[in-house]
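The block underneath contains the structure these notes are about, expressed in structure tokens.
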Amino acid sequence: MHTMKTPLFIFIVFSTLSLSSAQSLVPVRDTDGNIIRSGTGYYILPTTRGLGGGIKLVPTTINETCPSDVVQENNDLQNGLPLTFIPVKANKDGNIFESIDLNIRFSGSTACIRSAIWRIDQGVNGQREISSHGSLGNPGPQTISNWFKIEKHEDGYKLVFCPTVCNTCRPACGDIGHTIAKTGRLSLVINNTPLKVNFKKA
Numbered sequence: 029m030h031t032m033k034t035p036l037f038i039f040i041v042f043s044t045l046s047l048s049s050a051q052s053l054v055p056v057r058d059t060d061g062n063i064i065r066s067g068t069g070y071y072i073l074p075t076t077r078g079l080g081g082g083i084k085l086v087p088t089t090i091n092e093t094c095p096s097d098v099v100q101e102n103n104d105l106q107n108g109l110p111l112t113f114i115p116v117k118a119n120k121d122g123n124i125f126e127s128i129d130l131n132i133r134f135s136g137s138t139a140c141i142r143s144a145i146w147r148i149d150q151g152v153n154g155q156r157e158i159s160s161h162g163s164l165g166n167p168g169p170q171t172i173s174n175w176f177k178i179e180k181h182e183d184g185y186k187l188v189f190c191p192t193v194c195n196t197c198r199p200a201c202g203d204i205g206h207t208i209a210k211t212g213r214l215s216l217v218i219n220n221t222p223l224k225v226n227f228k229k230a
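When the letters of the sequence shown are read in order and numbered with our numbering, they come out as residues 29 to 230.
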């Protein structure tokens, strides 16, 4: 009799844990209230006027032919380029959830863009900046700089660099905000002032 109860008890426990885990996942929603889907293009836009427009790519130097620096549009009315989100573990519905590791990729990329995947790079001034030099998938120590998260922030969302794809890595976590460069462009960087955003379907 005891041999029958034990497997049943274990099954109930694991079923309860699985259900609890699934219920804890909160989907990210776009400006229309729909759940964001992997592979669908979205514009990342500030929720507050006067903080720039959407996200685009610009060259690092005037001699660079392929843009690789991730920046904001200076004009609030410009949506920038659409981006897609690819979670570390896909689900059957393609839903994107809060606080899940994911790659961010420009979906409106041109032929000269090397990869179009976001990555954290060390800038010349020591500040950690976002570039498009990342690579898709392959979670681990070699790709630790390529993973981001979307988290709820006040009445919008924020982008966060705090990957959990490597158990032995100790990344310096931080929110994604912007800084005004000498050239006047709004570079995306890790800082203590997160950029509050929402997602508009392209």
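All residues carry an ideal CB built from backbone N, CA and C; glycine is no exception.
- Comparing C-alpha distances from P110 to each of I128, H206, P74, F134 shows the shortest one belongs to F134.
- For I172, the closest alpha carbon among the candidates H181, L187, W146 is that of W146.
- Rounded to the nearest whole angstrom, the C-alpha separation of R213 and N166 is 32 Å.
- Per the C-alpha coordinates, the member of P169, Q100, L79, G184 positioned closest to P55 is G184.
- Counting only the Cα atoms, K229 lies some 7 Å from D58.
- The alpha-carbon separation between T196 and L105 amounts to approximately 43 Å.
- Pairing G80 with N102, the inter-Cα distance amounts to about 5 Å.
- K186 is the residue among G67, K186, A209 whose C-alpha sits nearest the C-alpha of N220.
- Distance from the CA atom of I72 to the CA atom of I90, rounded to whole angstroms, is 26 Å.
- The closest CA to that of L85, considering only L216, N226, F227, T211, is found on L216.
- In its chain, beyond the 5 residues on either side, E126, S127, Y185, K186, V188 have a beta carbon closer than 7 Å to the beta carbon of E179.
- Taking a 10 Å sphere around the C-beta of P169, we find fewer than 16 other C-beta atoms and assign the residue as exposed.
- Taking a contact as a CB-CB distance under 8 Å, the pair S160 and S96 counts as one, their CB atoms being some 5 Å apart.
- For T76, there is no enclosing beta strand (DSSP E), as DSSP marks it with neither H nor E.
- At a Cβ-Cβ threshold of 8 Å, K210 and T75 do not count as neighbours.
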